[in-house]
Amino acid sequence: MSDATRLDSNAWSPFAPAVMQDPAAGHQALLQQCPVHHCADFDPPFYTLSRYADVEAALRDVATFSSEFGQGPRFTDPQGMLCDAPQHTFMRKLTQPAFTPGAMRAVAPQIEVLANELIDRIIDGPETFDFHDDFAFPLPVVIIAGLLGVPTADLDQFKAWSDIQVAAMGAEDPAQYAKEQAAFFAYMQNHLSTRRAQMQSGADVPDDLLSLIAGAAYDDGALIDNADALSLLMQLLVGGNETTTSLITNLVWRLLESPAQYAQLVQEPELISAAIEESLRFDPPVLGLYRNTTRAVTLHEVTIPAQTKVWINYAAANRDASAFPNPDLFDLQRYQHHKPKRHMSFGLGVHFCLGAPMARLEAEIALNALVKRLPDLRLMGEGERIAPFFLWGRRTLPVARK
Ligand code: HEM
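Our numbering puts the sequence shown at residues 1 to 402.
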């Protein structure tokens, strides 16, 4: 586990090799010495907010900390529902029904079947395997592909495309992915048009996410246009895949780092939901997202100019001792016996992660199946981190099943 005070705030940058390798290496320095950090050697330069209270206030003040120029590090058009009201309110309302408790109950059996099929394959395969590739990666992508009616034959291509969407969001030159992105858009466009045509002809269509979006209408009753429908579809894909994979991978990684913790969950699976919350707090799959200031803001004697990118560092806020006692300890009991403040890993306020119930459900089902069927799981190495600096997860995680 990291020595959380080892990086001086002057040396801090999300791109510093030590921070890339372990984001927690810089949290305490930022929190204690530099609550408003300026990163000048990035184009565009940006500020970083880290303290719990500042992160909370910024996420709630959407009039000042806007999403209109994207939630990524560069100024872009807003994507999907990562925009301001009224467009945001409209899109959120439209997709909310896909994530109700009833919708989660409906999808739970599919997740359970898939988690067990993946474990069947692991048990029949070699003793050592990559936990990311063989379990944590396929699970969310196959589930969301199912909700979007993507045929099994297209799954591998679909997975590759959805990874490219994430890579493009953090890339210095997103244009390098333009060709693949265009191919993905064309595929989804075709998929959407086919479903719309089926709906218009009165054919029976599945009651899934694709039908929900294909049949969605504006307040005046007109069907939503292709651009809006596609950008929503993309957001649901990109927002939910790699993040959920990272949640499952990060949690298993931490548990296996101290095997007694994994053994404890094998004995006491009722601790799993508390373990998921602690993993989200300790290792947030999204370290932070950006907002754009609509006016100058002065905080802790630093003035952030208007029209500036601000990185809202959820990961550091989750390690703020004023909100979480002993913040650098991964503590399985934290969410079991106490009522800590809510972590920031799903954001807060109007943009609070729409897919949080789905991510929690997938992680819960996955962990229950793993502790039951692979009780002797062992870590064989640290693996590698995923590439985008604002995300945190393992691209590989070598393990042994006994
Ligand atoms: C562990 C997994 C996940 C994590 C860590 C995560 C994290 C986040 C975060 C940090 C935000 C933005 C909050 C903000 O702007 O401040 C967000 C928004 C969002 N997430 Fe997730 N997410 C996860 C899973 C999912 C899943 C499974 C889906 C859908 C299938 C999803 C769909 C969305 C959508 C649509 C938004 C935009 C909500 C809005 O702007 O109103 N996410 N998520």
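A virtual CB, placed ideally from N, CA and C, is assigned to each residue, including glycine.
None of the values given here were measured: they were computed from a predicted structure.
If you measure from the CB of Trp286, is any heavy atom of the ligand HEM nearer than 7 Å?
Translated into positions along the sequence shown, residue 286 becomes position 286. The residue asked about is misnamed: residue 286 is Val in this sequence, not Trp. Yes, the Cβ of Val286 comes within 7 Å of a heavy atom of the ligand HEM.
First through last residue of the beta strand (DSSP E) which encompasses Ile484:
A question about residue 484 goes unanswered here, because the residues of the chain that appear run from 1 up to 402.
If you compare alpha carbons, which of Gly80, Asn292, Leu209, Ala197 is closest to Val238?
Position 238 of the sequence shown holds residue 238. Cα-wise, what sits closest to Val238 is Gly80.
Three-state secondary structure assigned by DSSP to Tyr218
For this step, residue 218 is matched to residue 218 along the sequence shown. The answer is coil: DSSP assigns Tyr218 none of H, G, I, E or B.
Buried or exposed for Asn190, please, with buried defined as at least 16 other CB atoms from any protein chain shown within 10 angstroms of its CB.
Here residue 190 is taken as the residue at index 190 of the sequence shown, counted from 1. Burial call: exposed.
Whether Leu109 touches Leu212 by CB criterion (8 Å)
Along the sequence shown, one-based indexing puts residue 109 at 109. Along the sequence shown, one-based indexing puts residue 212 at 212. Residue identity differs from the one stated: residue 109 is Pro in this sequence, not Leu. Going by C-beta atoms, Pro109 is not nearer than 8 Å to Leu212.
What is the DSSP secondary structure of Asn292, reduced to helix, strand or coil?
Mapped onto the sequence shown, residue 292 falls at position 292. DSSP places Asn292 in strand when its eight states are reduced to three.
Label Ile272 either buried or exposed according to how many other C-beta atoms from any shown protein chain fall within 10 Å of its C-beta, with 16 as the threshold for buried.
Taking the sequence shown and counting its residues from 1, one reaches residue 272 at position 272. The residue is buried, with at least 16 neighbouring Cβ atoms inside 10 Å.
What alpha helix (DSSP H) runs, 4 residues minimum, are completely inside the region 321-346?
334-337
Reducing DSSP to helix, strand and coil, say where Arg401 ends up.
Position 401 of the sequence shown holds residue 401. In the structure shown, Arg401 sits in coil (DSSP, three-state: anything other than H, G, I, E or B).
Exposed or buried, what is Lys402 when buried is set at 16 or more other beta-carbons lying within 10 Å of its beta-carbon?
Against the sequence shown, residue 402 aligns to sequence position 402. So Lys402 ends up on the exposed side.
Which value, in whole angstroms, describes the spacing of the CA atoms of Phe389 and Gln200?
Locating residue 389 in the sequence shown gives position 389, counting from the first residue. Locating residue 200 in the sequence shown gives position 200, counting from the first residue. Going from the Cα of Phe389 to the Cα of Gln200 covers about 44 Å.
How do the region 312-321 and the region 333-349 stand: do at least 3 beta-carbon pairs fall below 8 Å, yes or no?
yes
When the Cα atoms are used, what is the spatial distance from Thr48 to Thr243?
The sequence position of residue 48 within the sequence shown is 48, counting from 1. The sequence position of residue 243 within the sequence shown is 243, counting from 1. Going from the Cα of Thr48 to the Cα of Thr243 covers about 21 Å.
Among Arg195, Gln165, Val302, whose alpha-carbon lies nearest the alpha-carbon of Val407?
A question about residue 407 goes unanswered here, because the residues of the chain that appear run from 1 up to 402.
For His300 and Arg360, what's the separation of their Cα atoms in angstroms?
Here residue 300 refers to the residue found at position 300 of the sequence shown. Here residue 360 refers to the residue found at position 360 of the sequence shown. The straight-line gap from Cα to Cα measures roughly 35 Å.
Contact between the region 67-74 and the region 218-237 (3+ Cβ pairs under 8 Å)
no
Which of the three DSSP states is assigned to Gln200 in this structure?
Mapped onto the sequence shown, residue 200 falls at position 200. Helix at Gln200.
Sequence-distant residues of the same chain with beta carbon closer than 6 Å to Lys159, five excluded per side
Here residue 159 is taken as the residue at index 159 of the sequence shown, counted from 1. Closer than 6 Å at the Cβ level, and outside the excluded window around Lys159, lie Val141.
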